[in-house]
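Listed in order, the protein sequences are those of chains A and B.
The first sequence begins at 1 in our numbering and counts up one residue at a time.
The second sequence begins at 174 in our numbering and counts up one residue at a time.
Written out below as structure tokens is the structure these notes cover.
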Amino acid sequence: MLHQSTKAPGEAVAAPPPTGTVRLTINGQQRELQIAPWTTLLDALREYLDLTGTKKGCDHGQCGACTVLVNGKRINSCLTLAVMQEDAEITTIEGLGTQENLHPLQQAFIDHDAFQCGYCTPGQICSAQGLINEGKAHTEAEIRELMSGNICRCGAYTNILAAVKEVVDAKTA
Amino acid sequence: MSNTTYIGKPTSRVDGPAKVTGAAKYSAEFNVPNMAYGWVVSSPIAKGTITKIYADEVLALPGVVQVFSHENVPSLAWFDRNYKDDVAPGGSPFRPLHDNKVKFSQQPVALVIAETLELARYASSVLRIEYEEEKHETSIEDKRDDGFEPGRGKTGWMPPPPPRGNPDKAWENATHRVEAEYVHGAQHHNPMEMFGTTVEWRGEGKITAYDKTQGVVNVQQYLTKIFGLSKDDARVVNLFMGGGFGSGLRPQYQVFLATLAALELKRSVRVTLTRQQMFSFGHRPHTLQYLKLGTNPDGTLAALQHHALHETSQFEDYTENVVNWSGMLYQCENVKLGYQLAKLDVFTPLDMRAPGAATGSFALEVAMDEMAYAAGLDPLDFRIRNYAEKDQNMDKPFSSKKLRDCYHQGAAKFGWDQRNHEPRSMQDENGMLVGWGMAGGVWDASMQKAAAKATLTADGKLLVTSAAGENGTGTYTIMTQIAAQTLGLPIEAVTFKLGDTDFPEAPVQGGSWTAASVGTAVKNVCEAVGEKLLKFAKKMDGSPLDGASMDDVEFVNGQIRLRKDPNQAVVIRDVLQASGESKIETDSSAMPNYLKQMPYSMHSHNAVFAEVKVDPDLGTVHVTRVVNAVAAGRILNTKTARSQVLGSVVWGISMAMMEETVMDHKFGRYMNHNYAEYHVPVNADIHDIDVIFVEEEDDIVNPLGVKGIGEVGLLGVAAAITNAVYHATGKRVRELPLYLDKLL
């Protein structure tokens, strides 16, 4: 980002608005935060709630690494403010499964080696759950197209497709 | 039968459960108490002087802690050598916040520290800085006549060999000739995780830096030399890395800035870069290559000339091996290779996956396709006619080379024999033009010094540690496999830890050498544990191993047993318990056997076959099928290795079709510095990819027989696609990426 202030010389820097209380429901738990009103849901999760499974890859809605489920729908958590989600049910990767009790998508991602560095993976898995909730994608071409909001720089796409297809097929079988 | 044979098996990643559940902690995710946030302010100009920083204005905001700039940075190490890291090229490394000079666009010029991330970002956005601009030069095209031969390069760089034969005369006299220029722009690594560092203040001048890096030891040395810290004072940790591809080989400026702030403020600090700032350091250099090829009447190469010119910064001479490969991939008696740099007002370029070879092989392999057509030969047949049985650059035989098998197995899988040689001769049922192209490449099989430590405890659990890296390559998994198999333990009983300077030293994770280097160290240290175990085992009452040497026994299925009579065995867990020792702990290291290796040239190879479909009206290209046959010695894990090559193919498709960082020379600034405008493939762009691992045995490269697969898979992919596009359309494109306007 190239910063160049447009403020007139001599003019005092405006103090930002004060923090406020935000109440969120995340993975079934009530959480209360004291944060700046322009704090994104992504930063609220990562910097204030220690839910670092949700990743920041661009902060501009371009990469999908921050995908979470809000009322079952996949969204980019960097493109919404935490305060806008006070009445919503938010599910993050931590809410889908644990290492001891993996969600079927998490297991499928391991079985198909659908990741390398693992940084886009929570977003891919949340996005895949959102895709399953939508019920639109059935063929390989449809899954490819509707999983294209999530960039994987390691290039695990063919394995991601195989993992998601396996779970989609199991749901519809 | 052994149940503890793991090497070569498709073992699932041992760090998989942590990664798929979000439990894996990356560097900017260590939430330590009382942490302040830093936000980097980047220069909007490419060259000039900072004349004024209005820090007081933002320091007046409640919650803003400090503004660091050249005006208030304490006195640090003076000499260039203190700033040089393991991977630094020749020259003077960039020193963040050192003085008022701006040397490249997006140079970090200030660091704003605040109590919260939100406030740090806001304060940085209103920080006024005034500059005096100077004229900058950012176009390699303007520097065609100003190239120079670098006298100093980074470790591993080799100047091109001197010419052999009579390359000019041979080219003049050749039966068929081609000559052309090949160009690609700058490319940025863009790993998914942005560079970030959490520096934990441990009190009394001690810090732990959780840093995104491909080499914790490299970063530790860098920090200790600059800030005058002891190794105990500066622990560097990186347990997981959200992609590197070379971008993390050198310490990046956020680790400098976060450390500076933590030491000055005596508190923990986190600095994370933005995606835009990920374009502010290190890139694959914009490169211009010129090739001349000529053939004899029998289709053998009469002459080969390859010259490359690429950019570097004003302050360092970045080097990579671009042209050398052309002197060794094919048999040719008359060869001339040239390599030059030109200085621009940009940041120093940086190794990016298969540096030099990815780009050199693009130019060479497209030129080879042009030569095949000029000589009226099938491109695969042409390559086989010119197969190099030895490395003519070094005049040495290869330790092993199965490239011919790559050609044959790849071609068979792809169905190359069904190809119609004529361009624009094949169509699919939807009227799309179909093109088939092929190419290949060669990469170094190298090994570095590495060390590891192993601890076997009485409960039969083994812990192995090394300061190696994991950026998605599978290090955790393959090291666990090697350790488990060497000591015959079930894989569940073995834990491998990495990425911590408290562990024995390992090299930066690059050059495709981690498996060879750290793998051999792990093997050695486990064998050392095995020797101690055998000693204890022989002392057991009525031991069946009495008198046995290491050569007489094998470690399998949790037992030490006689090779000649496997029924004569002791259980490893019982050995430790009988010994009365609580654990066996030992260190070991590994380094290349230079004496054994000296007579040989050691390399991995690959052959790539690609199919494209081109819309004849619109020029849109789809890469519908790729077969990549790789000969890289022994494959430790066929599952993770296959994934690495799949990823390489995606990288090659990206390089061919999408990637280019576009410089606006008016501002000296990269304009598409974000994920929306710097294009990389998404799922819908990727279709069928087949990976073949050709069997290749090599006991010269290292005791494991591995050559590494991080880079070799990328070679030739962009060229194979470019050649396929020519075959589909009859249009020869020599400038990447292959945007559709080039086909209309």
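Think of the CB as a built atom: it goes at the ideal place given N, C-alpha and C, for glycine as much as any other residue.
Residue(s) in a DSSP beta bridge with residue i
i	result
B:SER762	B:ALA624
B:TYR649	For B:TYR649, which the question treats as bridged, DSSP gives no partner whatsoever.
B:GLN732	B:VAL729, B:VAL744
B:ASP617	B:HIS776
A:ASN76	A:THR67
B:TYR546	Paired residue(s): none; B:TYR546 is not in a bridge.
B:GLY263	B:ASP490
B:GLN600	B:LEU606
B:MET836	B:TYR843
B:SER919	Missing from the structure shown is residue 919 of chain B; chain B here goes from 174 to 917 and no further.
B:TYR929	No answer is possible for residue 929 of chain B: it lies beyond the span of chain B, which begins at 174 and ends at 917.
Contact set for residue i: own chain, Cβ-Cβ below 8 Å, skip 5 residues either direction
i	result
B:TRP686	SER619, MET620, GLN621, PRO680, GLY881
B:GLU307	LYS220, GLY221, THR222
B:VAL744	GLY731, GLN732
A:SER127	GLY64, THR67, ARG74, MET147, GLY149, ASN150
Environment of residue i [buried if 16+ CB atoms lie within 10 Å]
i	result
B:GLY903	exposed
B:ALA530	buried
A:VAL167	buried
B:ASN779	buried
A:GLY155	buried
B:ASP518	buried
B:THR834	buried
B:TYR767	exposed
B:HIS361	buried
B:THR650	buried
B:HIS838	exposed
B:TRP251	exposed
B:LEU911	buried
Close Cβ partners of residue i (< 6 Å) along its chain, the five nearest in sequence each way excluded
i	result
B:GLN462	TYR355, ALA481, ALA536
A:HIS112	ASN159, ALA162, ALA163
A:SER148	none
B:TYR199	GLU366, PHE413, GLY415
A:HIS3	Residue confidence is low: A:HIS3 scores 47 on pLDDT, short of 50, so the model does not pin down where it sits. No coordinate-derived value is stated.
B:TRP344	LYS465, GLY467, ALA476
B:SER265	ASP253, PHE488
B:PHE728	LEU660, GLY661, GLY703
A:ALA82	VAL22, THR39, LEU41, ALA44
B:GLY352	Before going on, a small fix: residue 352 of chain B reads as Glu here, not Gly. Cβ within range, chain order: LYS465.
B:PRO458	HIS483, GLU484, PRO522
B:VAL890	VAL781, VAL822, GLY825
B:ARG842	SER278
B:ASP524	GLY419, LEU422
Own chain partners of residue i with C-beta closer than 7 Å, once the 5 adjacent residues on each side are dropped
i	result
A:GLU86	VAL22, ARG23, LEU24
A:MET1	Unreliable placement is indicated for A:MET1, whose pLDDT of 40 sits below 50; the coordinate value is still reported in the next sentence. Excluding residues within five positions, none has a Cβ falling inside 7 Å.
B:LEU232	VAL240
B:ASN207	ARG440, SER441
B:ALA892	SER534, PHE535, GLU538, VAL539, ALA612
B:LEU553	TYR580, ALA584, TRP589, MET611
Interface partners of residue i on chain B, CB under 7 Å
i	result
A:SER148	VAL855, ASN856, ALA857
A:ARG153	ASN363, PRO364, MET365, GLY416, VAL853
Neighbour list for residue i in chain A, Cβ cutoff strictly below 8 Å
i	result
B:ILE862	THR158
B:ASN204	GLU47, ASP50, THR52
B:LYS839	Going along chain A, no residue has its Cβ under 8 Å from B:LYS839, so there is no contact; the nearest lies around 14 Å.
B:ALA233	ALA12, VAL13
Cβ separation of residue i and residue j, assumed to be a contact under 8 Å, to the nearest whole Å
i	j	result
A:CYS63	A:ILE151	5 Å
B:ALA641	B:GLN682	7 Å
B:HIS349	B:ALA547	4 Å
B:LEU877	B:ARG815	Contact doesn't hold; Cβ gap of about 18 Å is too wide.
B:THR370	B:VAL285	At roughly 16 Å, the Cβ-Cβ gap does not stay under 8 Å, so B:THR370 and B:VAL285 are not in contact.
B:LEU819	B:VAL864	6 Å
The ligand FAD heavy atom lying under 7 Å from the CB of residue i
i	result
B:LEU436	The ligand FAD is not among the ligands present in this structure, which contains no ligands whatsoever.
Proximal residues of chain B, C-beta to C-beta of residue i below 8 Å
i	result
A:GLU145	ASN856, ALA857
A:ASP59	THR447, ARG448
Chain-ordered neighbours of residue i on chain A, where CB pairs are closer than 9 Å
i	result
B:VAL410	Ordered by position in chain A, no residue passes the 9 Å Cβ test against B:VAL410, which lies about 15 Å from the chain.
Chain B contact residues for residue i, given Cβ-Cβ distances below 9 Å
i	result
A:GLN29	Here the premise fails: no neighbours, minimum Cβ distance about 15 Å.
Residue i: contacting residues in chain A (beta-carbon distance under 7 Å)
i	result
B:THR813	ASP113
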